[in-house]
Each structure stands twice: as C-alpha cells, then as structure tokens.
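Working notes for the structure below.
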Amino acid sequence: MSDHYISILRKISQQLSSVTKHRCDSADKNSGRLGCFGWLLVLVSLLFIIVTFPLSIFMCLKIVNEYERAVIFRLGRILDRKPKGPGLFFVLPCTDAFVKVDLRTVSFDIPPQEILTKDSVTVAVDGVVYFRINCPISSVANVSNAHSSTRLLAQTTLRNVLGTKNLAELLSDREGISLSMQESLDEATDPWGIKVERVEIKDVKLPQQLQRAMAAEAEASREARAKIIAAEGEMKASRALKEASLVIAESPSALQLRYLQTLNTIAAEKNSTIVFPLPIDMMQAFMNSK
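Heads up: the sequence shown begins at 0 in numbering that gives the first Met the number 0, then just goes up one per residue.
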C-alpha cells in the first residue's frame with residue numbers, strides 16, 4: 000500500500016511541476032522582451048561599434064572550441080534560448096556577456112564515505128562518477144555551480160543507496176549498486192542539464208576486526224572441506240585395499256610376488272639395511288608341532 004501511495008504522490012508532483020514549468024516558460028517568453036530602454040541600449044552599442052570600427056571588431060567577435068558552447072546574456076536575459084558555437088559568434092561589447100560551457104565528459108572521485116549498512120556494519124566506500132553537460136543553458140541558468148553540486152549530490156546518493164544494502168549485497172552486487180546510483184543521480188541532475196554516464200564503486204574498506212572474523216570463517220570452512228575430502232580418500236583407499244586382499248587371498252603365490260616387488264623397490268633406493276619379511280607358511284609347521 001505504501002508503494003502505491005508513493006507512486007500516486009510522484010504522479011501528482013510531476014503534474015504540478017509540469018504546470019509550474021509551463022507557467023514559468025510563458026513568463027520567460029514575456030520577460031524575454033528587452034523593452035524600449037533595452038532596445039535603446041542596443042542601438043547605442045551598435046552606434047559605438049560603427050564609430051569605433053574596425054577596432055571594435057576585435058571586441059565583438061569571439062571564438063569557442065568544438066567541445067565548448069557559449070551562453071549569451073543580453074541585458075541579463077539569455078539570447079535566443081540556445082547556445083552559440085562552435086566557431087565564431089558575435090556579441091555586443093556593452094550589453095552582452097557570455098559564459099563558456101565545456102561539453103566534455105568530466106570524472107571525479109567520491110571521497111570515502113563512512114556508511115552503516117542494513118545489517119549494522121560500518122564500512123568505508125568510495126567511487127568514481129563520469130558525467131557531462133547535456134544542456135548548456137540549464138547548467139548556467141538553473142544551478143550556480145553544476146560541477147560542485149553534482150559532486151555533493153553524488154556523496155549523499157552513495158550514502159542513501161548503500162544504506163539500504165547489507166554487507167553481502169555490497170560485496171557481491173557492485174554492478175547493481177552502480178546502476179542504481181547512476182539512475183538516481185541522472186534523475187536528480189536532469190534539471191541542471193547534466194547527464195550522468197557512469198558510476199563505479201572503487202573500494203569497500205571493512206573494519207580490521209570484521210576482516211579477521213571473515214578470514215577465520217573462511218579458514219575454518221576450508222579446513223572442514225579438507226577433512227571431508229581426506230575422509231573420503233581414506234574410505235576409497237580402504238575399499239581398494241579390501242579388494243586387493245581378496246585378489247591376493249585367491250592366489251597364495253601373489254603374496255610372494257608382492258614381497259619380491261617390495262624388495263626390488265627397496266633395493267633400488269640404495270638402502271644399507273633390507274628387512275626381509277618372513278613368510279607365515281614357514282612358521283606354520285612349528286605352530287602345528289606344538
């Protein structure tokens with residue numbers, strides 16, 4: 000039931016945000032007009048360019064690289080609602096100002112965060128985030144510092160996502176955690192004109208006591224498996240010896256041949272002392288006489 004209510008609240012909030020956005024867009028269209036005084040300043044700026052030509056051409060022509068875009072403000076308002084570039088573009092020296100925006104992918108490290116997992120284990124986790132600016136105008140107009148805001152949001156998102164996981168999931172399902180973080184960050188930074196391309200968990204640092212406990216548990220598990228394997232080997236060896244004794248019991252000469260093979264093996268090792276086993280058959284006559 001709670002998930003159903005949450006989905007309903009999300010739909011309502013999305014509808015309200017769409018209505019608010021529509022009103023803001025209409026207000027921006029009305030406020031985008033310069034007015035009489037604004038056009039007067041633009042005409043004065045054009046007159047200044049004409050009077051000081053050709054020196055003024057160096058103040059009016061600007062260049063941005065292939066990976067950059069320029070957001071132009073004319074009397075404090077964004078011009079044409081689209082960025083300029085790459086290449087040459089024209090600005091008025093007195094009324095226009097522009098901001099360069101880099102569209103290349105940026106990566107940064109998330110500092111190690113002390114996180115309490117779902118099963119009450121304290122771990123230190125760090126990661127790396129790759130993002131790029133998708134909409135230059137939103138990155139300039141909707142947030143004061145897009146890069147710094149994304150870094151701070153990545154730290155809080157890492158805490159929120161890992162707080163819902165237990166230690167086993169944290170150690171085994173890093174790919175799923177990375178995808179969950181990427182979706183959360185991408186959704187939160189979309190109004191800022193930022194596209195989160197990839198999120199990776201770099202390292203998970205466990206407390207020393209927990210590491211020793213896990214190592215002891217793994218060692219005990221390995222020893223238990225080794226004892227089971229040794230016991231199975233002893234059982235198979237005893238069965239093989241039993242079958243061999245049955246074969247030897249069927250032919251008494253086979254035991255003598257086994258004696259000779261043993262002596263041959265001992266002699267090949269250049270031992271100074273050779274123990275010759277006495278056959279039981281030779282003692283049988285003395286035992287019967289008594």
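We treat Cβ as the ideally placed atom computed from N, Cα and C, and that holds for glycine. What you are looking at is a predicted structure, and each value in this text was computed from that prediction instead of being measured.
Would you kindly work out how many angstroms separate the C-alpha atoms of residue i and residue j, rounded to a whole number?
i: Glu182; j: Leu152; result: 13 Å
i: Val41; j: Glu196; result: 41 Å
i: Asn141; j: Ser220; result: 56 Å
i: Asp79; j: Asp185; result: 27 Å
i: Pro135; j: Lys204; result: 38 Å
i: Pro53; j: Glu67; result: 27 Å
i: Lys226; j: Ala212; result: 21 Å
i: Pro92; j: Ser44; result: 7 Å
i: Ile48; j: Leu39; result: 14 Å
i: Ala223; j: Gln154; result: 42 Å
i: Arg173; j: Ala167; result: 10 Å
i: Phe72; j: Thr51; result: 23 Å
i: Ala215; j: Gln207; result: 12 Å
i: Arg131; j: Ser148; result: 13 Å
i: Gly192; j: Val105; result: 14 Å
i: Lys99; j: Phe89; result: 14 Å
i: Lys235; j: Ala243; result: 12 Å
i: Asn144; j: Asp189; result: 14 Å
i: Val70; j: Ser177; result: 33 Å
i: Thr94; j: Pro82; result: 17 Å
i: Lys194; j: Asn133; result: 6 Å
i: Glu249; j: Ser237; result: 19 Å
i: Cys23; j: Arg150; result: The pLDDT assigned to Cys23 is 40, lower than 50, so where the model puts this residue is not dependable, and the model offers no usable value.
Check whether the Cβ of residue i lies closer than 7 Å to any Cβ atom in chain B.
i: Leu115; result: No chain B is part of this structure, which consists of one protein chain only.
By Cβ distance, which residues of its chain are closer than 6 Å to residue i, with the 5 residues on each side in sequence left out?
i: Asn165; result: Thr116, Lys117, Asp118
i: Pro111; result: Ala123, Asp125
i: Glu113; result: Ala123
i: Met180; result: Thr156, Val160, Val198
i: Thr121; result: Leu115
i: Ala96; result: Phe72
For the alpha helix (DSSP H) that contains residue i, what are its first and last residues?
i: Thr51; result: It is not in any alpha helix (DSSP H) - Thr51 carries neither H nor E in the DSSP assignment.
i: Asp185; result: 173-188
i: Tyr160; result: The sequence given here places Val at residue 160; Tyr does not occur at that position. Start and end: 145-161.
Pull the bridge partners of residue i from the DSSP assignment, please.
i: Asp202; result: Asp125
i: Arg131; result: Lys194
To which residues of the same chain is residue i closer than 7 Å at the C-beta, ignoring the five residues directly before and after it?
i: Asp202; result: Asp125
i: His146; result: Val105
i: Cys35; result: none
Using C-beta distances below 8 Å, list every residue in its chain close to residue i, excluding the 5 sequence neighbours before and after it, in chain order.
i: Thr163; result: Lys117
i: Gly86; result: Ile62, Val63
Does the beta carbon of residue i fall short of 6 Å from some heavy atom of the ligand FAD?
i: Thr188; result: This structure does not include the ligand FAD; it has no bound ligands of any sort.
- request: Could you name each continuous beta strand (DSSP E) segment of 3 residues or more that falls completely within the region 55-116, going from the start of the chain to the end?
  value: 60-63, 67-73, 86-89, 95-101, 105-115
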